[in-house]
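Report on one structure; see the data block that follows.
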Amino acid sequence: GGAFVPTTNEVWFTANQLPIQNTNVSRVNLETNQIELLSIQPSILTPNGANYFDDSVYICSQGNQTTSGGIYAVNPTTLASRLVVNSWFGLRLNSPNDVTFTRKIGRGKYMWFTDPQIAYMQDFGSLPQLGSYVYRFDLTTSELRPVITDLVVPNGIA
């Protein structure tokens, strides 16, 4: 997945299905065409989809056998990351795949993401505790809510 960062005129991108578990997130500067492998700290395990919103790059982490999938916000200047969400009522997310955002005037900011069981299906994630859902996360209240629960493998969101 990729994310355009307007403040730095860069596109951030990840690679999926590498032969080893990775933490690779790269960026390309659109003025110089220079590509750089980023040193995000803490690193993000098996990164996938990404999107830019409110001065942060949000990156989906597919997790692995011992670490839950989740979504992280990364400061594009300092490369510091922070976990935004990785569970619903204590149950591990599967392998968040794609993420997007909406604003509602007077009602807040929402993050929407797909959470298929891809990590488990590809033998690098743990046994799922939740179905393959599409979620809405309220960035103001931190409320996470499944909004679509009847897809087999939700993928892509805009």
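Numbering (the working numbering), first residue to last: 67 to 224. We put the CB at the ideal spot given by N, CA and C, even for glycine.
Exercise for review: Look up Pro225 in the DSSP assignment and give the residues it is bridged to.
Suggested key: An answer regarding residue 225 cannot be provided, because it is not within the stretch 67 to 224 covered by the chain.
Practice item. Report the three-state DSSP secondary structure of Ile110 (helix, strand or coil). Key: The residue labelled residue 110 in the question sits at position 44 within the sequence shown. It is coil, neither helix nor strand.
Check your understanding: With distances taken between CB atoms, is the gap from Asn114 to Thr80 smaller than 8 Å?
Key -> Within the sequence shown, numbered from 1, the residue matching residue 114 stands at position 48. Within the sequence shown, numbered from 1, the residue matching residue 80 stands at position 14. Cβ distance < 8 Å, so Asn114 and Thr80 count as in contact.
**Study point:** Buried versus exposed, by CB contacts within 10 Å (16 or more), Gln225
**Key:** Residue 225 lies beyond the range of the chain shown here (67 to 224); nothing can be said about it.
Review point. If we count Cβ pairs, one from each stretch, closer than 8 Å, do we get three or more for the segment 140-147 versus the segment 160-167?
Key: Two segments are said to touch when three or more pairs of C-beta atoms, one from each, lie closer than 8 Å; by this definition the segment 140-147 does not touch the segment 160-167.
Practice item. Identify which residue in Ala224, Asn95 and Ile101 has its Cα closest to the Cα of Trp178. Key: The residue labelled residue 178 in the question sits at position 112 within the sequence shown. Scanning Ala224, Asn95 and Ile101 for the CA closest to the CA of Trp178 turns up Ala224.
**Study point:** Reduced DSSP secondary structure (H/G/I, E/B, other) of Ala185
**Key:** Position 119 of the sequence shown, counted from the start, is the residue given in the question as residue 185. Helix.
Check your understanding: Which one of Leu196, Asn90 and Lys170 has the shortest CA to CA distance from Thr180?
Key -> Taking the sequence shown and counting its residues from 1, the one referred to as residue 180 is at position 114. Considering only alpha carbons, the answer is Leu196.
Check your understanding: From this set, Asn130, Phe119, Asn117 and Ala69, which residue's C-alpha is nearest Thr89's C-alpha?
Key -> Numbered from 1 along the sequence shown, position 23 holds the residue referred to as residue 89. Selected option, being the one with the closest Cα: Asn130.
Point to revise | Which residues DSSP lists as bridging Ala69, in chain order | key: Within the sequence shown, residue 69 is the residue found at index 3, counting from 1. Trp78, per the DSSP bridge assignment.
Review point. Could you give the distance in angstroms between the alpha-carbon of Lys175 and the alpha-carbon of Gly156?
Key: Position 109 of the sequence shown, counted from the first residue, corresponds to residue 175. Position 90 of the sequence shown, counted from the first residue, corresponds to residue 156. Cα to Cα, Lys175 sits roughly 23 Å from Gly156.
Check your understanding: Exposed or buried, Ser105, counting other C-beta atoms within 10 Å across all chains shown (16 or more means buried)?
Key -> In the sequence shown, residue 105 corresponds to position 39, counting from 1. Residue burial annotation: Ser105 is exposed, with fewer than 16 other C-beta atoms found within 10 angstroms of its C-beta.
Point to revise | Closest by C-alpha distance to Val200, when choosing among Ser192, Leu103 and Gly222 | key: Counting from one through the sequence shown, the residue named residue 200 turns up at place 134. Per the Cα distances, Gly222.
Exercise for review: Tell me whether the beta-carbon of Val123 lies closer than 8 Å to the beta-carbon of Trp154.
Suggested key: By one-based count along the sequence shown, residue 123 stands at place 57. By one-based count along the sequence shown, residue 154 stands at place 88. Contact: no.
Practice item. Please list, in chain order, all residues of the same chain as Ala69 whose beta carbon is under 6 Å from its beta carbon, the five residues on each side excluded. Key: Here the question's residue 69 lines up with position 3 in the sequence shown. Contacts found: Trp78, Ala116, Asn117, Tyr118 and Val123.
Check your understanding: Rounded C-beta distance between Ile214 and Gln128? I'm assuming under 8 Å.
Key -> Looking up residue 214 in the sequence shown gives position 148. Looking up residue 128 in the sequence shown gives position 62. The Cβ separation is near 19 Å, so there is no contact.
Review point. Near Arg148, what residues of its chain come up, given a Cβ to Cβ distance below 7 Å and the 5 sequence neighbours on each side ignored?
Key: The sequence position of residue 148 within the sequence shown is 82, counting from 1. Setting aside the 5 residues that flank it on each side, Arg148 is surrounded in the same chain by Tyr138 and Ala139, each with a C-beta closer than 7 Å to its C-beta; the list follows chain order.
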